[in-house]
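For reference, the structure discussed in these notes is given below.
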Amino acid sequence: MEPGNFSDFPASWWTWCSALSCPTRESFMPYMLSFIYIFIFLISMIANTVVVWMNIQAKTTGYDRHCYILNLAIVDLWVVLTIPVWVVSPVQHNQWPMGELTCKVTHLIFSINFFGSIFFLICMSVDHYLSITYFTSTSSHRKKIVCCILCVLVWLLAFCVSVPDTYYLKSITSASNNETYCWSFYPEHSIKKWLIMELVSVVLGFTIPFYIIGVFYLMLTRAIMVSGDQEKHSS
């Protein structure tokens with residue numbers, strides 16, 4: 467029998483396979499995705515829990531840096547806790563049997579994770595530069611206060627940016643096949659709102675953060691190089 471020549475299989479084999487509903491790649495894929503989700507859930511829970519614990523224990527130096535990393539890990543933990551909910555959807559052939567509230571909450575947490583992670587990375591890049599160039603002699607107590615205020619503002623901003631898109635999420639049941647899905651549903655007269663929200667998401671989620679992080683790390687690199695040259699000349 468030549469490899470790949472399925473016509474060589476006896477007809478009785480195909481009849482037997484059809485009777486037993488032999489698994490196809492399409493039917494197996496949802497379970498494969500669910501397995502991957504569960505694997506990611508377990509690894510992420512362990513890794514982020516360790517990061518949270520280590521940064522809580524680190525009370526000696528670099529409080530601001532540990533504060534931002536701690537909040538990054540907490541943001542990731544929030545979205546990791548929603549993974550068991552996402553496992554259900556692939557098994558149900560992308561249907562959503564868990565109601566509209568769960569649909570909105572899980573997407574809201576995912577969106578807060580997306581924007582919160584980016585905003586905390588911005589804070590870290592700015593903090594690294596300012597700590598080396600301007601605020602080397604600033605008291606640790608003042609740094610703690612500033613860091614805590616910034617973290618609260620980041621959480622609030624990530625929440626506010628995530629709410630509008632979550633508002634339009636609906637648990638929609640199809641009239642033709644009675645299947646339920648969790649989709650964004652925009653009325654026809656709200657297309658402009660959708661375009662504005664998508665534009666805001668791109669600007670706040672990529673354009674501005676990319677520019678700020680890139681500029682401050684370039685400035686940080688330059689400051690370190692200048693400092694190194696000064697040390698060479700002084701020695």
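Under our numbering, read the sequence shown as residues 467 to 701, first letter to last.
All residues carry an ideal CB built from backbone N, CA and C; glycine is no exception.
A buried status is given to Val546, since no fewer than 16 other beta-carbon atoms sit within 10 Å of its beta-carbon. The alpha helix (DSSP H) runs lying completely inside the stretch 524-583 and spanning 4 residues or more are 529-546, 549-557, given in chain order. The beta carbon of Phe581 sits closer than 8 Å to the beta carbons of Leu623, Ala624, Val627, Ser628, Leu670, Gly671 from its chain, once the five residues preceding and following it are set aside; these are given in chain order. According to the DSSP assignment, Leu635 belongs to no alpha helix (DSSP H) but to the beta strand (DSSP E) extending over 635-639. Note on geometry: alpha-carbon atoms of Val612 and Thr632 lie some 30 Å from one another. Contact check for Ile535 against Asn521 passes: the beta carbons are separated by less than 9 Å. Annotation for Ser642: no beta strand (DSSP E) segment contains it, and DSSP assigns it neither H nor E. With 16 or more other Cβ atoms inside 10 Å of its own Cβ, Ile575 counts as buried.
Put simply, the backbone Cα of Val553 is about 23 Å away from that of Leu538.
Residue pairing for Trp649: DSSP places it in a beta bridge opposite Lys636. Measuring C-alpha to C-alpha distances from His559 to each of Val551, Ile662, Tyr647, Phe501 identifies Tyr647 as the nearest.
For Tyr683, the three-state secondary structure derived from DSSP is helix. Its chain contains Ile549 as the residues whose beta carbon lies nearer than 7 Å to that of Ile506, once the 5 sequence neighbours on both sides are disregarded; these appear in chain order.
Selection Asp593, Ile578, Ser637, Val517 evaluated against Cys569 yields Ser637 as nearest (Cα-Cα). Sixteen is the threshold: since fewer than 16 other Cβ atoms of the shown chains lie within 10 Å of the Cβ of Ser693, the residue is exposed. Looking at Ser591, Trp621, Tyr595, the one whose alpha-carbon comes closest to that of Asn579 is Trp621. In the three-state reduction of the DSSP assignment, Tyr600 falls in the coil class, being assigned neither a helical nor a strand state. With respect to the C-alpha of Arg531, the residue from Val557, Ser500, Leu587 having the closest C-alpha is Leu587. Phe585 counts as buried, since at least 16 other C-beta atoms from the protein chains shown sit within 10 angstroms of its C-beta.
When C-beta atoms of the stretch 678-692 are compared with those of the stretch 589-599, three or more pairs fall below 8 Å, so the two segments count as touching.
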